[in-house]
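**Q** Chains A and B, in that order, are what the protein sequence lines are.
Numbering of the first sequence is given in the numbering used here, commencing with residue 28 and proceeding in unit increments.
Numbering of the second sequence is given in the numbering used here, commencing with residue 360 and proceeding in unit increments.
Quick one: the structure is below, and I'll ask about it shortly.
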Amino acid sequence: MPAASDAVAAVKARWAGVTDRASLDHPAINVAASDLLGVLGALKDEHGFDMLVDVSGVDWSVGASPRFTVVYHVFSTGGHDYVRVAADCADSAAPEVPSATGIWPGADWHEREAFDMFGIRFTGHPDLRRILMWDEYPHFPLRKDFPLAGIETPLPDAEVVAETKTGAIAAPMMGGPFVAAPGQINMTEAEPRAKDESWTERRPKPEA
Amino acid sequence: MVSPNTELTYDSKIEGDVVVTRLDSAVNWIRSNSMWPMPMGLACCAIELMAVGASRFDIARFGSEVMRFSPKQSDVMIVAGTVTYKMSSALRRIYDQMAAPKWVIAMGACASTGGMYRSYAVLQGVDRIVPVDVYVSGCPPRPEALLDALIMLQQKVKKEPSFSKLFSA
Numbered sequence: 028m029p030a031a032s033d034a035v036a037a038v039k040a041r042w043a044g045v046t047d048r049a050s051l052d053h054p055a056i057n058v059a060a061s062d063l064l065g066v067l068g069a070l071k072d073e074h075g076f077d078m079l080v081d082v083s084g085v086d087w088s089v090g091a092s093p094r095f096t097v098v099y100h101v102f103s104t105g106g107h108d109y110v111r112v113a114a115d116c117a118d119s120a121a122p123e124v125p126s127a128t129g130i131w132p133g134a135d136w137h138e139r140e141a142f143d144m145f146g147i148r149f150t151g152h153p154d155l156r157r158i159l160m161w162d163e164y165p166h167f168p169l170r171k172d173f174p175l176a177g178i179e180t181p182l183p184d185a186e187v188v189a190e191t192k193t194g195a196i197a198a199p200m201m202g203g204p205f206v207a208a209p210g211q212i213n214m215t216e217a218e219p220r221a222k223d224e225s226w227t228e229r230r231p232k233p234e235a
Numbered sequence: 360m361v362s363p364n365t366e367l368t369y370d371s372k373i374e375g376d377v378v379v380t381r382l383d384s385a386v387n388w389i390r391s392n393s394m395w396p397m398p399m400g401l402a403c404c405a406i407e408l409m410a411v412g413a414s415r416f417d418i419a420r421f422g423s424e425v426m427r428f429s430p431k432q433s434d435v436m437i438v439a440g441t442v443t444y445k446m447s448s449a450l451r452r453i454y455d456q457m458a459a460p461k462w463v464i465a466m467g468a469c470a471s472t473g474g475m476y477r478s479y480a481v482l483q484g485v486d487r488i489v490p491v492d493v494y495v496s497g498c499p500p501r502p503e504a505l506l507d508a509l510i511m512l513q514q515k516v517k518k519e520p521s522f523s524k525l526f527s528a
């Protein structure tokens, strides 16, 4: 079985747009969205990377361009090695990449999750529905402009809403975002702390 | 034949085969000693709920060993675990299908208040969609805590007018 670095070199030689990507562990490449399926297919069929481990999205923040990147981790069960493949979405307003479900059927639910959380559309996906939030949910929760507490939204079941007069609310964030950053507190002894404890549910948040 | 000890309890030889009581207390006595739970196990609290049903803690001592997975046959819904917004509509529908009179125990921090999940996806307390009778603290609560909640609920049932909840939602 060829090593991951050989596979990456072969892919780079064949597609001009493939470039190296900074990585602390496994070989990683940047791929244009148009070449994505060709590269993933070659990694699987010619280089033995037969297992798709993960498909995830990255939101680089609201103003960034490109804003969204899709990251694939593929594993070679023969060579015991990973390759990371990243593809930027050209359109930041309506991010879109081709679906890998034709290469690995297991990409189905990974892509549904990335669609659910980031709103990245996978063209050619057989059943691109939300997988975690309910179908009518209007937001994409892991985008950078989505608050952790959530946004007030009606529940999907109209009868339950009529009966209970309630919906999804912004969760109370007493003391602000809770963090457990290394060095800030002793992680073995303490719970995650609020970044700013000057305000609580009893003391209102000071105007910034 | 005269006995020096006055017998104060019910004596069928004197009074016949009749027991006199208040209807409320008889109905509530029957109800409270056989509350069939609807196990709404949604997260790790459900594991503790299973422990309550198993031999070491034995919820049968309190007449609630018959876990009914059909809401139509159950009296008390034990909400054990994190209720997401996506699940909340289903939970309310199951509650609606239970026959009155019915009660709800919110087991653990998540069911009571949303717990550690201050997030966009989690219902911040199951009392926002169903009326809760007893809250149990803990994450997850010990089995004894749930048994205590069940005893508290039994005492509550014994005090309420037996026909007050027949037609309530």
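Yeah, the Cβ is synthetic: ideal placement off N, Cα and C, and Gly gets one too.
Quantities reported herein were computed from a predicted structural model and do not represent experimental measurements.
With a threshold of 16 other CB atoms inside 10 Å of the CB of B:Lys461, please say whether the residue is buried or exposed.
**A** The residue is buried, with at least 16 neighbouring Cβ atoms inside 10 Å.
**Q** How long is the line joining the alpha carbons of A:His53 and B:Gln456, rounded to whole angstroms?
**A** 54 angstroms
**Q** CB-CB under 7 angstroms to A:Thr104, same chain, minus the five flanking residues each way: which ones, in chain order?
**A** Asp77 and Met78
**Q** Applying a beta-carbon distance threshold of less than 8 angstroms, which residues of chain A neighbour B:Gln483?
**A** What B:Gln483 touches in chain A: Ile196, Ala198 and Pro199.
**Q** Suppose you measure from the CA of B:Ala385 to the CA of B:Ile373; what does that come to, to the nearest Å?
**A** 22 angstroms
**Q** Can you tell me whether A:His74 is buried or exposed? The criterion is at least 16 other CB atoms within 10 Å of its CB, across all chains shown.
**A** buried
**Q** Cα separation between B:Arg452 and A:Val187?
**A** 8 angstroms
**Q** What residues in the region 414-437 of chain B bring their beta carbon closer than 9 angstroms to a beta carbon of chain A?
**A** none
**Q** So, A:Ala114 versus A:Val101, is the Cβ gap smaller than 8 angstroms?
**A** no
**Q** I'd like to know whether the C-beta atoms of A:Val112 and A:Phe149 end up nearer to each other than 8 angstroms.
**A** Contact flag unset, no.
**Q** Is the CB-CB distance between B:Pro500 and B:Glu424 below 8 angstroms?
**A** no
**Q** Can you tell me which residues form a DSSP beta bridge with A:Ser83?
**A** A:Val98
**Q** Taking just the CA atoms, how far does B:Met399 sit from A:His137?
**A** 28 angstroms
**Q** Is it buried or exposed, B:Val493, if we count other Cβ atoms within 10 angstroms and call 16 or more buried?
**A** buried
**Q** Taking Cβ-Cβ distances shorter than 9 angstroms, what residues in chain B pair up with A:Trp161?
**A** Tyr444, Lys445 and Ser448
**Q** For B:Ile510, which residues of its own chain have a beta-carbon under 8 angstroms away from its beta-carbon, when the five flanking residues on both sides are left out?
**A** Phe421
**Q** For A:Pro174, is the classification buried or exposed, using 16 other Cβ atoms within 10 angstroms of its Cβ as the cut-off for buried?
**A** Label assigned to A:Pro174: exposed.
**Q** What is the residue span of the beta strand (DSSP E) that B:Pro502 lies within?
**A** Note, B:Pro502: premise wrong, no beta strand (DSSP E); alpha helix (DSSP H) at Pro502 to Lys518.
**Q** Using a Cβ-Cβ cut-off of 8 angstroms, state whether B:Ser478 counts as contacting chain A.
**A** yes
**Q** Compute the distance between the beta-carbons of B:Gly474 and B:Leu482, then report whether it is under 8 angstroms.
**A** Note that the C-beta distance between B:Gly474 and B:Leu482 is not below 8 angstroms.
**Q** Counting Cβ pairs, one atom from each stretch, are 3 or more of them under 8 angstroms apart for the region 425-441 of chain B and the region 158-170 of chain A?
**A** no
**Q** For B:Ile389, tell me which candidate among B:Leu506, B:Ala468, B:Lys524 and B:Gln513 has the shortest Cα-Cα distance.
**A** B:Gln513
**Q** Determine whether the Cβ of B:Ile488 lies closer than 8 angstroms to any Cβ atom of chain A.
**A** yes
**Q** Between B:Ala411 and B:Pro502, which are expected to be in contact by the criterion C-beta below 8 angstroms, what is the C-beta distance as a whole number of angstroms?
**A** Reading off the sequence, residue 411 of chain B comes out as Val, not Ala. Their Cβ separation, rounded to whole angstroms, is 4 angstroms, which keeps B:Val411 and B:Pro502 in contact under 8 angstroms.
**Q** Would you please verify whether the beta carbon of A:Glu190 is less than 8 angstroms from any beta carbon of chain B?
**A** Yes, A:Glu190 lies at the interface with chain B (some Cβ there is under 8 angstroms from its Cβ).
**Q** With 9 angstroms as the C-beta to C-beta threshold (strictly closer), list the residues of the region 173-186 of chain A near chain B in chain order.
**A** Phe173, Pro174, Leu175, Ala176, Gly177, Ile178, Thr180, Leu182, Pro183, Asp184 and Glu186
**Q** Smallest Cα separation from B:Ala405: which of B:Val489, B:Ala468 and B:Lys515?
**A** B:Ala468
**Q** Considering only DSSP beta bridges, list what A:Thr114 is partnered with.
**A** According to the sequence shown, residue 114 of chain A is Ala rather than Thr. For A:Ala114, which the question treats as bridged, DSSP gives the partners A:Val58 and A:Val97.
**Q** Note down, in chain order, every chain A residue with its Cβ under 8 angstroms from the Cβ of B:Arg451.
**A** Asp184, Val187, Glu190 and Thr191
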